[in-house]
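Scroll down for the structure; my scribbles are underneath it.
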Amino acid sequence: MKKIRTALRRSWHWLTSMRTALALLFLLALAAIPGSLLPQRDLNESNVNDFIASNGRVAEIYDKLQLFDVFNSTWFSAIFVLLTISLVGCIVPRSWDHYKAWKTPPTRAPRNLHRMQMHAKGETERSFEQMQAQVKTKLKKWRVSEFQPNEDRAGAYAISAERGYGRELANLIFHISLVAVLITVAFGRLVYYEGQVIVVTDTGSTDLERSNEFCNTSLSNYDSFRAGALFDGTGLHDFCFQAHDFVADYLPNGQAEMFTSNISFAKGDEIFQDPETWEDYELKVNHPLRTDNNRIYLQGHGFAPTVTVEWPNGEKRTQTVQFRPDDPTFFLSSGVMRFDPPAGMYPDLYDRRQNQLAIQGLFAPTASWDGENNELLTSSYPSMTDPAMAVDIYRGDAGLDTGTAQSIFDLDSSLVHSGQLQRIDRVNLTMDESVTLDDGTTVTFNGANEYANFQISYDPTQKWVLVSAMTMLISLVFSLVIKRRRIWIRLRPIEGGTGTAIEMGGLARTDRAGWSEEFDELYRDLLELPDPDEVEEDVLFAED
1 MKKIRTALRR
11 SWHWLTSMRT
21 ALALLFLLAL
31 AAIPGSLLPQ
41 RDLNESNVND
51 FIASNGRVAE
61 IYDKLQLFDV
71 FNSTWFSAIF
81 VLLTISLVGC
91 IVPRSWDHYK
101 AWKTPPTRAP
111 RNLHRMQMHA
121 KGETERSFEQ
131 MQAQVKTKLK
141 KWRVSEFQPN
151 EDRAGAYAIS
161 AERGYGRELA
171 NLIFHISLVA
181 VLITVAFGRL
191 VYYEGQVIVV
201 TDTGSTDLER
211 SNEFCNTSLS
221 NYDSFRAGAL
231 FDGTGLHDFC
241 FQAHDFVADY
251 LPNGQAEMFT
261 SNISFAKGDE
271 IFQDPETWED
281 YELKVNHPLR
291 TDNNRIYLQG
301 HGFAPTVTVE
311 WPNGEKRTQT
321 VQFRPDDPTF
331 FLSSGVMRFD
341 PPAGMYPDLY
351 DRRQNQLAIQ
361 GLFAPTASWD
371 GENNELLTSS
381 YPSMTDPAMA
391 VDIYRGDAGL
401 DTGTAQSIFD
411 LDSSLVHSGQ
421 LQRIDRVNLT
431 MDESVTLDDG
441 TTVTFNGANE
451 YANFQISYDP
461 TQKWVLVSAM
471 TMLISLVFSL
481 VIKRRRIWIR
491 LRPIEGGTGT
501 AIEMGGLART
511 DRAGWSEEFD
521 ELYRDLLELP
531 DPDEVEEDVL
541 FAED
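Pasting the structure below:
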């Protein structure tokens, strides 16, 4: 049992040493590297799946090692917890030792001051009482202890002085702030949530038949969502916003200069009021709207083409669907639309399923035609000045009623390869241009609207992380600037005379840089000696 206690005590001393804390901090930094080099499942699961599919056995090993979930992995959490325990174990005893040192007055001067790093002695004609007052005046910013001859080791009147206690205090505050950063970041990752939503705005060439409003009242309103382990989905703060427009400023070469979206928002019970009364806000990149620890960011944008399908019986269906920007400069985009025919046309469910339409292709905000017959669609500018589409039109089972999620950007290629979807036409369409299919169905490209991609982030610890980080940096500066100094001064009346003998010893507790100059300056001030540099200059001036 004694051996077990001894082993536990040694393990605790090892864990709570500053050397171990530094090693764990370095290990934590190394452990975070895979999180920046490999796709992470909590950020983009599809990228992780693509990586695994492309790299085979190696990727499977990575997955077993939790390299695609680095910051949620057991080994990363273990290092994080050990680092926190190690730092706390270092800080607590050091804080107690510093408190005791703060309360303890400076120690008596050693018997032999000439053994100190700095040493000087001399005599002055001033009286013993005058020198006592002079020393106390010069050391008024130091912590001072006086010792009478019967208390001093050398039997003389002595003064012990020390300063620089703030260095250790700043050092402790730095480590406490580091622990605060670790704890607040960890807690923030447990309770945070973050989601993305695409809202089609009124900016464009068509009148929207869909809502441009988003409400943070249900997880189902998000296009994608992720949250911490302690978030159960019931802690959403009620707020809504309407995205009225999206304005992009471009340079002549097509480079984006600024993105802006004018929105109106309301929170709490105000969301049930008339939207005309909601508060207006101009949302810009890196200028989020902040409300109740939620931040609404404008992240990106794209285009949502509008297509109308008219069947031979006169019934129409219109869809406005966001396309994925494949070219981030000129916004050549791709996407897919799926249309279910009117119920009255095909009473039989099987026939109706076999006559679904799928339209897949490209959209260009400013069309440019290349190729031998000028039939290859590209985009020459990111702003919408001459929109056009190049699409493949399929008929068959588009997967609308399979019960499985369908990509809004791509068709299921297996449906095409199996023959369930058959291409019946390939056509280029400019705005308001139509094409008539073999059964009399008309497909019309009506134009497009711009959509904005918003990110809603919630983290109640963000301010505390900032305060802790700023405190850590400020305390680090003070711990580097403040220097620990000790000095001892002995005064003796000159026997048979009217003057006073003075002996000084000094010790730099930490940084010695500049200590020699400080010590010499104090010695000259006490004995009222001139600065050697000034004397040399005066002599040279006199010789000239």
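Counting from 1, position 424 in the sequence shown corresponds to residue 424 in the numbering used here; the numbering is continuous, with no gaps.
Even for Gly, the Cβ is constructed at its ideal location relative to N, Cα and C.
Everything numeric in this text was worked out from a predicted model, so none of it was measured.
Find out if the Cβ-Cβ distance for the pair residue i, residue j is shorter than 9 Å.
i    : j    : result
D280 : N262 : yes
I393 : Y222 : no
G505 : M131 : no
Q134 : R126 : yes
S380 : F174 : no
L421 : L411 : yes
A170 : W464 : no
R338 : A398 : yes
E162 : P106 : yes
T404 : T306 : no
R108 : E151 : yes
G396 : A358 : yes
L172 : I296 : no
R492 : A501 : yes
W278 : G440 : no
G233 : R485 : no
G419 : M431 : no
F265 : Q242 : yes
H119 : E503 : yes
S160 : S177 : no
G499 : T124 : yes
K138 : L527 : no
D340 : Q356 : yes
D425 : L415 : no
L490 : A101 : This sequence places Arg at residue 490; Leu is not what is there. No.
S479 : R9   : no
Determine the burial state of residue i: buried for a count of at least 16 other Cβ atoms within 10 Å of its Cβ, exposed for fewer.
i    : result
P387 : buried
M1   : exposed
F519 : buried
I4   : exposed
M384 : buried
S11  : exposed
D544 : Model confidence at D544 stands at a pLDDT of 37, short of 50, so the residue's coordinates are unreliable; what they give is reported in the following sentence. Classification of D544: exposed, given that the 10 Å Cβ count is below 16.
W515 : buried
V58  : exposed
With distances taken Cα to Cα, identify the nearest neighbour of residue i among the options.
i    : options                   : result
G204 : E315, L473 and H301       : H301
F246 : T500, G188, N449 and S77  : N449
L87  : G122, S479 and A23        : A23
S54  : L43, I85, P39 and N212    : P39
I487 : H13, L113, M18 and P34    : L113
N47  : S414, F68 and E60         : F68
S220 : A243, Q196, Q242 and L230 : Q196
F330 : D340, F147, N355 and S368 : S368
A364 : T124, Y346 and T378       : T378
F559 : E372, A156, I61 and N72   : Residue 559 is absent from the structure shown; the chain starts at 1 and stops at 544.
Could you name the residues of the same chain whose beta carbon sits closer than 7 Å to that of residue i, not counting the 5 residues immediately before and after it, in chain order?
i    : result
L28  : I79, F80 and L83
D538 : Reliability fails at D538, whose pLDDT of 48 lies under 50, so the model's placement of it is uncertain and the value that follows must be treated cautiously. Same-chain partners within the cutoff: there are none.
D326 : L332, S333 and S334
T16  : S86, G89 and C90
L298 : F259, S261, L283, K284, V285, A452 and F454
L507 : M116, Q117 and R486
T20  : W14 and S86
Could you name the residues of the same chain whose beta carbon sits closer than 8 Å to that of residue i, not counting the 5 residues immediately before and after it, in chain order?
i    : result
Q322 : I198, V200, G302, F303, A304, G335, I408 and Y451
E194 : F225, R226, A227, Q455, I456, S457 and Y458
N216 : L236, H237, D238, F239, C240, N294 and I456
T184 : T461, W464, V465 and S468
Looking only at its own chain, which residues have a Cβ that is under 6 Å from the Cβ of residue i, when we skip the five neighbours before and after it?
i    : result
G228 : R189, L190, V191 and Y192
Y350 : none
V443 : V309 and V435
F541 : At F541 the pLDDT is 40, less than 50, meaning the model places this residue with poor confidence; the figure from the coordinates comes in the next sentence. Here the set comprises nothing.
M18  : C90
K267 : F239 and T291
Q406 : G399
query = Would the region 467 to 474 and the region 87 to 102 be scored as touching if the rule is three or more Cβ pairs under 8 Å?
reply = Judged by Cβ distances under 8 Å, the region 467 to 474 makes no contact with the region 87 to 102, as fewer than three pairs qualify.
message = Does the region 281 to 290 come into contact with the region 313 to 320, if we say contact requires no fewer than three beta-carbon pairs (one atom in each stretch) closer than 8 Å?
response = In short, these stretches do not touch, since the Cβ pair count stays below three.
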